[in-house]
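Since the structure comes first, as structure tokens, the remarks are kept for the end.
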Amino acid sequence: MSTLTRKDFATDQEVRWCPGCGDYAILANVQGVMPDLGVDRENIVFVSGIGCSSRFPYYMNTYGFHSIHGRAPAIATGISATRPDLKVFVITGDGDGLSIGGNHLIHAMRRNANLTIVLFNNQIYGLTKGQYSPTSEVGKITKSTPAGSLDYPFNPVSVALGAEATFVARSIDTEREHLSGTVELAARHEGTAFVEVYQNCNIFNDGAFDLLKESPEDNQIRLEHGQPIRFGADHQRGVVLRPDGMLELRDVADVGEENILVHDAHREDPGLAFMLSRLAHQPDGPTPIGLFRQVRRPVYGEQMQHQLDDAVDRRGEGDLETLLAGPDPWVVEDAVTG
Amino acid sequence: MGTKTVQKLDTVTIRFAGDSGDGMQLTGDRFTSVTAQMGNDLATLPDFPAEIRAPAGSLPGVSGFQLHFADHDILTPGDAPDVLVAMNPAALRTNIDDLAPGGTLVVNADAFTRGNLKKAHYEQNPLEDDSLSNYRVFRVPITTLTVGALEDHPLSSKDKQRAKNMFALGLMSFMYSRPIEPTQRWIESKFGRSPDIATANITALQAGWSFGETTEMFAHTYEVAPAVLPAGRYRQVTGNQALAMGLIAAADRSGLPLFLGSYPITPASDILHELSKHKNFGVRTFQAEDEISAVGAALGAAFAGNLAVTTTSGPGVALKGETIGLAVSVELPLLVVNIQRGGPSTGLPTKTEQSDLLQAMYGRNGEAPIPIVAASAPGECFHAALEAARIALRYRTPVMLLSDGYLANGAEPWRIPDVASLPDLRSHAEFATEPNADGEFWPFQRDPETLARPWAVPGTPGLEHRIGGLEKSDGRGSISYDPDNHHRMTELRAAKVAGIAKDIPPLELDDDEGAELLVIGWGSTYGPVRAAVRRARRMGHKVARAHLHYLNPFPANTGEVVLRYPRVLVPEMNMGQLRLLLRGTYLVDARGYNRVSGLPFTTGELVDAIVEHIETPRVPNGANTGATT
Numbered sequence: 002m003s004t005l006t007r008k009d010f011a012t013d014q015e016v017r018w019c020p021g022c023g024d025y026a027i028l029a030n031v032q033g034v035m036p037d038l039g040v041d042r043e044n045i046v047f048v049s050g051i052g053c054s055s056r057f058p059y060y061m062n063t064y065g066f067h068s069i070h071g072r073a074p075a076i077a078t079g080i081s082a083t084r085p086d087l088k089v090f091v092i093t094g095d096g097d098g099l100s101i102g103g104n105h106l107i108h109a110m111r112r113n114a115n116l117t118i119v120l121f122n123n124q125i126y127g128l129t130k131g132q133y134s135p136t137s138e139v140g141k142i143t144k145s146t147p148a149g150s151l152d153y154p155f156n157p158v159s160v161a162l163g164a165e166a167t168f169v170a171r172s173i174d175t176e177r178e179h180l181s182g183t184v185e186l187a188a189r190h191e192g193t194a195f196v197e198v199y200q201n202c203n204i205f206n207d208g209a210f211d212l213l214k215e216s217p218e219d220n221q222i223r224l225e226h227g228q229p230i231r232f233g234a235d236h237q238r239g240v241v242l243r244p245d246g247m248l249e250l251r252d253v254a255d256v257g258e259e260n261i262l263v264h265d266a267h268r269e270d271p272g273l274a275f276m277l278s279r280l281a282h283q284p285d286g287p288t289p290i291g292l293f294r295q296v297r298r299p300v301y302g303e304q305m306q307h308q309l310d311d312a313v314d315r316r317g318e319g320d321l322e323t324l325l326a327g328p329d330p331w332v333v334e335d336a337v338t339g
Numbered sequence: 077m078g079t080k081t082v083q084k085l086d087t088v089t090i091r092f093a094g095d096s097g098d099g100m101q102l103t104g105d106r107f108t109s110v111t112a113q114m115g116n117d118l119a120t121l122p123d124f125p126a127e128i129r130a131p132a133g134s135l136p137g138v139s140g141f142q143l144h145f146a147d148h149d150i151l152t153p154g155d156a157p158d159v160l161v162a163m164n165p166a167a168l169r170t171n172i173d174d175l176a177p178g179g180t181l182v183v184n185a186d187a188f189t190r191g192n193l194k195k196a197h198y199e200q201n202p203l204e205d206d207s208l209s210n211y212r213v214f215r216v217p218i219t220t221l222t223v224g225a226l227e228d229h230p231l232s233s234k235d236k237q238r239a240k241n242m243f244a245l246g247l248m249s250f251m252y253s254r255p256i257e258p259t260q261r262w263i264e265s266k267f268g269r270s271p272d273i274a275t276a277n278i279t280a281l282q283a284g285w286s287f288g289e290t291t292e293m294f295a296h297t298y299e300v301a302p303a304v305l306p307a308g309r310y311r312q313v314t315g316n317q318a319l320a321m322g323l324i325a326a327a328d329r330s331g332l333p334l335f336l337g338s339y340p341i342t343p344a345s346d347i348l349h350e351l352s353k354h355k356n357f358g359v360r361t362f363q364a365e366d367e368i369s370a371v372g373a374a375l376g377a378a379f380a381g382n383l384a385v386t387t388t389s390g391p392g393v394a395l396k397g398e399t400i401g402l403a404v405s406v407e408l409p410l411l412v413v414n415i416q417r418g419g420p421s422t423g424l425p426t427k428t429e430q431s432d433l434l435q436a437m438y439g440r441n442g443e444a445p446i447p448i449v450a451a452s453a454p455g456e457c458f459h460a461a462l463e464a465a466r467i468a469l470r471y472r473t474p475v476m477l478l479s480d481g482y483l484a485n486g487a488e489p490w491r492i493p494d495v496a497s498l499p500d501l502r503s504h505a506e507f508a509t510e511p512n513a514d515g516e517f518w519p520f521q522r523d524p525e526t527l528a529r530p531w532a533v534p535g536t537p538g539l540e541h542r543i544g545g546l547e548k549s550d551g552r553g554s555i556s557y558d559p560d561n562h563h564r565m566t567e568l569r570a571a572k573v574a575g576i577a578k579d580i581p582p583l584e585l586d587d588d589e590g591a592e593l594l595v596i597g598w599g600s601t602y603g604p605v606r607a608a609v610r611r612a613r614r615m616g617h618k619v620a621r622a623h624l625h626y627l628n629p630f631p632a633n634t635g636e637v638v639l640r641y642p643r644v645l646v647p648e649m650n651m652g653q654l655r656l657l658l659r660g661t662y663l664v665d666a667r668g669y670n671r672v673s674g675l676p677f678t679t680g681e682l683v684d685a686i687v688e689h690i691e692t693p694r695v696p697n698g699a700n701t702g703a704t705t
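In the order they appear, the protein sequences are chains D and A. Residue numbers for the first sequence follow our numbering, beginning at 2 and rising by one. Residue numbers for the second sequence follow our numbering, beginning at 77 and rising by one.
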């Protein structure tokens with residue numbers, strides 16, 4: 002259905018995010034990517050949990066399920082495991098996906114269910130009006146933490162890599178082209194694709210990603226498969242793998258171009274990708290953006306289907322009569338008496 | 077020899093008891109299987125600890141299996157055993173009080189060592205004092221005889237000893253005239269890959285039989301003639317097996333693929349195990365990371381067009397509550413199976429109870445009514461599952477199917493239904509294919525008769541729509557915070573469930589001309605209540621009886637039935653949950669017999685309760701919290 006446009010994926014529902022919210026940009030972007038995927042509208046499902054981001058399905062003219070807090074990956078797993086023909090997206094946030102639904106998120110990723118998970122990370126609870134989230138920085142002053150939060154935050158990309166997701170990427174709400182490209186790549190991935198999107202909450206946590214947005218050259222370390230990992234206005238900085246096994250940010254001039262780490266997103270082992278994710282635990286300095294990892298692993302729903310097909314091949318289609326009779330039936334004749 | 081006299085019995089209750097590692101469940105299961113094939117009616121009660129292997133020989137480690145079989149139709153696994161097989165002192169200590177005076181006790185005398193006696197808190201050996209003088213005690217050195225019979229087998233001494241349960245089975249098979257050949261064949265197929273183990277078990281089984289035949293210890297053998305059962309093809313089935321087959325049958329009859337989302341929990345896990353074996357029926361089983369994910373995935377599967385099921389026990393239902401509420405809100409078919417166990421909290425994982433009725437009724441936030449179906453006997457779990465699926469599909473609603481630990485593990489002969497006679501569910505499982513509102517698709521445009529909404533599954537062009545847990549506008553299904561709409565939607569959801577009363581059979585009344593007392597039960601008390609009423613009538617009492625298979629909505633005539641009698645007694649393995657509902661719904665002065673021991677009711681205790689309620693003058697609206705009030 003190549004004739005579809007972005008507008009075909011918009012609904013008549015009034016969009017109810019706060020003016021200026023980063024979610025608008027992400028919505029426009031995702032709607033924009035849809036026509037390029039080549040998947041019919043009726044074969045696309047958006048599933049979400051609870052939170053600002055989770056209103057997303059109402060604004061997509063596809064099949065959609067706005068569920069309950071944290072459970073979208075579980076519900077989406079049920080859809081994708083039984084219907085490999087569908088393209089299933091999960092829209093979640095840092096509270097929904099990493100706090101109340103953290104368990105479902107990691108298990109969906111380790112199973113490699115066929116899901117495109119987009120996690121909007123604004124480092125705050127928005128819908129409940131401003132409490133700290135599992136990605137908020139330590140010491141965050143919020144309504145629920147007047148003396149500063151004590152919790153050490155998650156780095157969502159590190160979590161996804163720890164769960165060995167087969168596709169892990171990070172983008173930014175305002176980086177239109179990068180976001181579109183990342184979402185499209187994720188949507189085309191077979192298995193679980195996890196995309197963290199830095200998303201500004203202009204009401205409760207405004208400017209959380211300003212460092213990366215205001216001086217992108219110095220603070221966005223763009224990861225591109227097969228390319229040396231360099232950043233800075235003149236690409237003068239780069240990532241170096243030290244002999245002790247640690248990564249380090251260095252001036253290219255000091256270490257030599259040939260010593261800059263070349264990004265390999267397709268490495269089977271997630272270790273190096275994890276180390277890249279550790280270059281910035283939070284976006285408060287140069288932070289890797291882009292595709293950390295993409296590898297192939299059997300897809301959950303397809304494997305489930307194979308097991309069913311195998312069973313039919315080996316034993317034939319199930320016969321209800323045989324099943325009910327069991328291995329040792331016996332017959333009671335009319336009026337048998339002792 | 078063959079010179080022993082044969083006594084005919086009409087009914088026997090045997091209990092096998094031993095250490096968790098002694099294989100008592102297997103022994104009981106084999107005895108049951110052969111007994112079923114001999115045509116006896118039977119009921120079983122496996123009773124085992126939650127611990128996999130409590131320390132060997134300890135009191136908490138005792139595992140038991142009771143089997144009641146007869147030449148007539150029976151309704152319970154028997155109040156008290158006539159025969160107790162005790163494989164060690166701990167098994168004797170924990171079970172001897174249940175053995176009727178004059179009962180037969182077979183003990184493994186070898187196990188009565190100083191160490192084992194101490195573990196069972198015996199200061200002196202009960203086989204050597206007069207504490208067992210009220211019983212017919214057979215001291216059989218089972219371990220020695222088993223190891224002796226296996227002298228030439230290439231197994232370790234430990235492995236030889238492990239075959240002692242087969243010796244005991246052989247001995248009991250001889251005493252009760254059961255053939256051992258079916259078990260020999262079973263062992264051969266079960267241990268086909270380890271021929272040494274198979275041969276040893278068969279040798280031990282035969283040795284047990286021969287010992288019974290040759291020793292002069294046993295003067296009699298016993299026969300229990302086949303029961304008169306309705307003609308047909310039968311098999312032995314447990315509640316969980318029957319329930320799993322019912323789910324597969326429902327999928328078959330509706331033409332929908334079956335999806336089970338489940339998380340391991342006692343006593344429901346066997347349904348997950350069973351269904352995972354039947355992939356050639358297109359059954360997808362998903363062992364989730366937790367209970368919430370299990371029901372979540374099931375709800376997702378329902379959205380995607382599957383017959384979606386989640387199986388669990390009470391603690392799991394507590395976790396699933398929010399998702400069940402979501403299913404109420406989005407009005408998708410979903411089967412929630414609760415194999416109830418003792419509670420609260422972890423409670424008694426391996427023991428039975430029926431204390432989740434109010435959880436099923438009310439265990440969700442908001443006004444969230446769901447239909448509730450309860451199984452009454454192991455074999456009946458099959459039909460209950462089919463019926464729960466029918467209601468879920470037809471009314472696009474989550475349905476709670478209640479079973480319990482007793483039904484789940486208990487076995488009985490089951491008349492195999494004719495597949496062609498099973499209900500055709502295809503018309504309830506039809507997906508929407510066309511817009512339904514002037515060229516648009518309105519997901520909450522209801523069927524005027526059932527109030528069910530259309531089921532439009534992803535993949536259907538033109539019917540793209542969004543659903544969710546926020547309140548929806550009547551018909552169109554958009555998010556709506558309109559006050560009147562919310563009230564209307566709440567009423568519609570309630571009316572949809574209440575309307576099912578028109579679509580289920582009326583409450584069947586087993587009246588007794590002149591009866592002033594009605595005994596009404598639900599769930600697995602079906603057998604014990606029927607047996608007790610039968611006995612009370614034989615004693616000359618007038619008692620009416622009814623059994624509820626549907627707890628929400630109640631059958632349409634329920635009020636009429638319960639208000640017909642001056643006295644209503646509701647026996648429940650909880651503290652009065654159905655009683656509360658009946659009182660609240662019908663303003664009936666129902667009284668309860670309530671006991672939560674982890675075991676099914678005995679016929680005897682229910683007969684006592686019935687007689688007490690007939691004979692005791694009543695204080696109107698009296699206190700209702702005691703055991704028999």
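Backbone N, C-alpha and C define an ideal beta-carbon position, used for all residues, glycine too. Since the structure is predicted, the reported quantities are computational estimates derived from the model, not experimental observations.
query                                                                                                                                                   : result
Taking its Cβ as the centre, do 16 or more other Cβ atoms sit within 10 Å of K8(D), making it buried, or is it exposed?                                 : exposed
Applying the 10 Å Cβ sphere with the 16-neighbour rule, what's the burial state of I69(D)?                                                              : buried
Relative to the alpha-carbon of D219(D), which residue among I290(D), G163(D), S54(D), R72(D) has its alpha-carbon at the smallest distance?            : I290(D)
Starting from M476(A), trace the beta strand (DSSP E) in both directions and tell me its first and last residue.                                        : 474-480
Starting from G291(D), trace the beta strand (DSSP E) in both directions and tell me its first and last residue.                                        : 288-295
Expressed to the nearest angstrom, what Euclidean distance is found between the alpha-carbon atoms of S209(A) and G179(A)?                              : 11 Å
Among E334(D), L321(D), G327(D), whose alpha-carbon lies nearest the alpha-carbon of A496(A)?                                                           : L321(D)
Using a beta-carbon distance cut-off of less than 9 Å, what residues from the region 40-51 of chain D approach chain A?                                 : D41, R42, E43, N44, I45, V46, F47, V48, S49, I51
Report back the beta-carbon spacing between D173(A) and Q142(A) to the nearest angstrom; my notes put them in contact at under 8 Å.                     : The pair is not a contact, with the Cβ atoms about 14 Å apart (cut-off 8 Å).
Within this structure, are the beta carbons of L483(A) and G315(A) separated by less than 9 Å?                                                          : yes
Return the CA-CA distance between G339(D) and I263(A), expressed in angstroms with no decimal places.                                                   : Unreliable positioning characterises G339(D) in this predicted model, as indicated by a pLDDT of 39, which lies under 50. The coordinate reading is nonetheless provided below. Roughly 30 Å separates the two Cα atoms.
Does any C-beta atom of chain A lie closer than 9 Å to the C-beta of F66(D)?                                                                            : yes
What is the C-beta distance between G481(A) and P343(A), in whole angstroms, given that I count them as a contact (C-beta under 8 Å)?                   : 4 Å
The beta strand (DSSP E) with I415(A) in it runs from where to where?                                                                                   : 410-416
Just the chain E side, please: which residues come within less than 8 Å of H541(A) by C-beta, in chain order?                                           : Looking for chain E here will not work: the only protein chains present are D and A.
Can you tell me whether Q653(A) is buried or exposed? The criterion is at least 16 other CB atoms within 10 Å of its CB, across all chains shown.       : buried
Flag I555(A) as yes if its beta-carbon sits less than 9 Å from any beta-carbon of chain D, otherwise no.                                                : yes
To the nearest angstrom, how far is it from the Cα of C19(D) to the Cα of H179(D)?                                                                      : 24 Å
For a contact defined as C-beta to C-beta under 7 Å, what are the partners of N104(D) on chain A?                                                       : E365, D366
Just to confirm before moving on: does the CB-CB distance between N113(D) and R298(D) stay below 9 Å?                                                   : yes
Taking three-plus beta-carbon pairs below 8 Å as touching, is the region 315-330 of chain D in contact with the region 221-238 of chain D?              : no
Taking 9 Å as the CB-CB limit, is F267(A) close to chain D?                                                                                             : no
Give the DSSP-derived three-state secondary structure of G702(A) in the structure shown.                                                                : In this prediction, G702(A) scores a pLDDT of 43, lower than 50, which makes its location untrustworthy; no coordinate-derived value is stated.
Considering only residues of the same chain and omitting the five flanking positions on each side of H617(A), which have a CB-CB separation below 6 Å?  : I690
Would you kindly report the start and end of the unbroken beta strand (DSSP E) that includes W262(A)?                                                   : Segment 257-266 is the alpha helix (DSSP H) holding W262(A); no beta strand (DSSP E) there.
So what does V605(A) bridge to, in DSSP terms?                                                                                                          : Note: V605(A) sits in no beta bridge, so no partner.
Roughly how many whole angstroms lie between the Cα atoms of S98(A) and V82(A)?                                                                         : The amino acid at residue 98(A) is misidentified as Ser; the sequence shows Asp. Spanning the two alpha carbons is a distance of roughly 30 Å.
Show which residues of chain D have a CB atom less than 7 Å away from the CB atom of V404(A).                                                           : In chain order: nothing, as chain D lies at least about 12 Å away.
Measure the C-alpha to C-alpha separation of T400(D) and M35(D) and round it to an integer number of angstroms.                                         : Given that chain D is displayed from residue 2 to residue 339, the structure contains no residue 400(D) and the question cannot be resolved.
For V495(A), go through chain D and note every residue whose CB falls closer than 8 Å to its CB, in chain order.                                        : L321, E322, L325
Looking only at its own chain, which residues have a Cβ that is under 6 Å from the Cβ of K141(D), when we skip the five neighbours before and after it? : Y133, S150
Is R315(A) close to chain D, meaning its C-beta is less than 9 Å from at least one C-beta of that chain?                                                : According to the sequence as given, residue 315(A) is Gly; it is not Arg. Taking Cβ atoms only, chain D never reaches closer than 9 Å to G315(A), which makes this a no.
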